[in-house]
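One structure is given here, and the rest of the page talks about it.
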Amino acid sequence: MVLFGQQGDPLSFDQVTDEIIEYIKYHGVIQFLLIYRQALLRNCDVMQWGYELEMLLIKFEDMHWKLHLDVENSLNLAPEDISLSREFAKFQLEAMPSVALSSKYQDILKIATQIQQVSQLRPIALLTSFPRLGRDNSLSPLPEQANSVMQSTWLSDEVITQHPRFRTLAANIRLRRGQKVQLSKSEMDAMAFGMGMCGLQITLQCYNETESRYIYDQLQCIAPVMLAVSAATPVAHGRLLDVDCRYSLIGDSVDDRTNSELQNDVQKRFGACNCFLSDQEHNDYQFRKDEKTYEHLINSGIDHLLAQHISGLFARYPLVVYEHYNQVNDSESTAHFDQFQTTNWQICRWKPPVNGGWKVEFRPMEMQASPKDNAALISFIYLFTRAIRAFDLDLYVNQTQIHRDLEQAQQCCAAQIHKFTVHANPFGNRQKVGMDLTRESDGHCDCKKLQYSEMKQVILEFRSKARQKFVITSQKQYILLTGQEMLKGNDEYPGLIPIIKYYLELCVQYNIDPGAVIDVDGELSKPPTDNELLELINMLDRVSDMSNNTQAQRMRQIIKQSQFYKNDRVINENIGDEIVNWALRQQQE
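Quick note, the sequence shown lines up with residues 4 to 592 if you use this note's numbering.
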């Protein structure tokens, strides 16, 4: 989670007037327009990317595992190639590569080792949720009782990281909704229960603005199945849940909607995206937009698709306003734009170039106990974006269907049971919105024209061969597939994993790097060796295995087989220890 540069202390909820809100919205739009216009001609960005892991600090004390409120003493323990930072709770730690990963395939192969190194820095659990957070003896040291911020029955405000942004978020969400948050079908009643959970995120820098919008759209379409496959949250607050994912729980924990907004079915801040950025046909989801923001953007030359996306973000209440808000220099800061951009927690996030190039975040996946499983999910998404670009895939389904599939994806065994809506022909002939192969390198791009020409020819051949390889016989526009079928394929669908494997096969045939085939910097590098290729394929196969037996399913099996489990959904300290010990064993594999 990004921490804003402070402009003084946060204003209280009562101090934030309608005039202040309008000021922040207006200047947030100005800041966006400045960013956008400065970067609009930015092309040929090198593919750089990275991942973010959220982890739990734990401590074995009094014969049981507890969450350790010790983030401040953990930040300086990072290995050289990893950066550590705070998250919402004092028992959380976020890790990411200290330097962006390159497009070269060798960077993919080192991810599992990086994650394992981080998990061994001190007692850390790679779990989405500590099994007994909020129950007796679940925290160390035992925090002083304070509940003016969250007003939780179960958790002290002292679990919140000592940064005014976090406490203000928690307080203002509660104050705006007029009551404590309530996580669905549970006793959990505080933001820390949701934001105290851990996820796995991937950020990718794209070639240019057009491609960033295209990748943003395509990743939305696979978000439901990747949520189902990575499901890892069957337990929270000392109870066995009736879902396998944290998706709705986090949404409830940051739900600031008023009674009026609830009655009008306004979407939560955390959840599915509102719309696509490159395709209007499938934008059938009705969402609230800030009309002044929309008109401002349209009158400033922003296209309808992007204007409705930004105005959807700006329809939200600004949750953290600092006292010197009116002293922000729009040409030097993006604080007001970030106010809305970073408090809409959606499954994908499109990011204009503030630092670096045009970026896309993929955000739905859950933390896995095994470093190799986390590395497999990260590698899958990265390689799939390479295949999306190389084959110019078309995965579009209606936005409303993505919303429905995300709700179903968190249900028990969803990867095997739920039928996801899938675009039947991912190689269909559509108007190209991905990499533009019709224009030559221009003055805004420093790539070599010879290499650019070679690259175009390679990609055109890739696309032709893929259409010959995967002959789609279905006459339907959309089909229903389980998560397993979507990943592995069946008689009427090629499958995401076979598509990636064929992409790797073509890279070997053409003697080029599968990570860098479309990049335009330097020389086209060599393909992986046979052993390295096998490593990449093995990571894809691990994702396939997850669709057969998710972490949530394995955890449920551990609970049901425990001698301490009484078939009453209660997770006592002994069962909680069994779950943590299992996770620690997975970390060592």
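In this text, a Cβ means the ideal position worked out from N, Cα and C, and glycines have one as well. Computed from a prediction, not measured in an experiment: that's the story for all the values here.
### Task
Could you spell out the range, first to last residue, of the alpha helix (DSSP H) harbouring Thr213?
Glu212 to Val232
### Task
Pull up the distance between the alpha-carbon of Leu463 and that of Ala469, whole angstroms please.
10 Å
### Query
Does the region 327–340 come close enough to the region 63–78 to have 3 or more Cβ pairs within less than 8 Å?
no
### Query
Which residues does DSSP pair with Gln208 in a beta bridge?
Lys362
#### Entry: Val74 classed as buried or exposed, judged by whether at least 16 other C-beta atoms fall within 10 angstroms
buried
### Task
For Thr424, count neighbouring C-beta atoms within 10 Å of its own C-beta (all shown protein chains included) and say buried if the count is 16 or more, exposed if not.
buried
### Neighbour-count burial assignment, Lys188, 16 or more Cβ in a 10 Å radius
exposed
### Query
Is Ala418 closer than 8 Å to Gln478 when the C-beta atoms are compared?
no
### Message
Does the contact criterion of 3 or more C-beta pairs under 8 Å hold for the region 168–180 versus the region 188–200?
### Response
yes
### Task
Mind checking who Met58 pairs with in its DSSP beta bridge?
Leu96
### Query
Which of helix, strand or coil does DSSP assign to Gly304?
coil
### Query
Got a sec? Which residues, its chain only, sit under 6 Å from Val238 by beta carbon, not counting five neighbours each side?
Pro134 and Ile574
### Message
Helix, strand or coil, according to DSSP, for Ile350 in the structure here?
### Response
coil
#### Entry: Bridge partner(s) assigned by DSSP for Ser86
Met99
### Message
Measuring CB atoms only, is the region 324–331 touching the region 50–67, in the sense that at least three cross pairs come out at less than 8 Å?
### Response
no
### Message
Determine whether the beta carbon atoms of Gln223 and Ile405 lie at a separation below 8 Å.
### Response
yes
### Query
Looking only at DSSP bridge pairs, what is Gly595 linked to?
As displayed, the chain neither begins before 4 nor continues past 592, which places residue 595 out of reach and without an answer.
### Message
I need the straight-line Cα distance from Leu536 to Leu507, nearest angstrom please.
### Response
8 Å
### Message
So, with DSSP's three-state summary, where would you put His71?
### Response
strand
### Coarse secondary structure for Ala193, derived from DSSP in three states
coil
### Opening and closing residue of the alpha helix (DSSP H) in which Val32 lies
Asp21 to Ala42
### Message
Would you call the region 409–416 in contact with the region 226–235, where contact means no fewer than 3 C-beta pairs closer than 8 Å?
### Response
yes
### Task
Kindly list the residues whose CB is nearer than 8 Å to the CB of His307, restricted to its own chain and excluding five residues on each side of it in sequence; keep chain order.
Gln283 and Ile301
### Query
Using DSSP with H/G/I as helix, E/B as strand and the rest coil, what is Ala149?
coil
### Contacts around Pro356, its chain only, beta-carbon distance under 6 Å, and the 5 residues preceding and following it disregarded
Ala42
### Message
I need the straight-line Cα distance from Pro100 to Cys201, nearest angstrom please.
### Response
17 Å
### Query
Secondary structure at Asn401, three-state DSSP: helix, strand or coil?
coil
### Message
Check for me: the alpha helix (DSSP H) holding Ser380 runs from which residue to which?
### Response
One point to set straight first is that residue 380 is Leu, not Ser, in the sequence displayed. From DSSP, the alpha helix (DSSP H) with Leu380 extends over Pro374 to Phe394.
### Message
Gln117 and Phe365 - do their beta-carbons sit closer together than 8 Å?
### Response
no
### Task
Determine the closest residue to Asn428 out of Ile515, Leu396 and Asp408, with distance taken between C-alpha atoms.
Leu396
### Query
Should Arg249 and Ser132 be called a contact, given that it needs their Cβ atoms to be closer than 8 Å?
yes
### Message
Measuring alpha carbon to alpha carbon, tell me which residue in Ile85, Ala128 and Met50 is nearest Asn584.
### Response
Ala128
### Query
For Glu22, which residues of its own chain have a beta-carbon under 7 Å away from its beta-carbon, when the five flanking residues on both sides are left out?
none
### Message
Helix, strand or coil, according to DSSP, for Asn541 in the structure here?
### Response
helix
### 8 Å CB neighbourhood of Arg125 in its chain, flanking five on each side removed
Leu60, Ser77 and Leu80
### Task
With His339 as the anchor, note down where its beta strand (DSSP E) starts and where it stops.
No beta strand (DSSP E) contains His339, which is instead part of the alpha helix (DSSP H) from Ala338 to Gln344.
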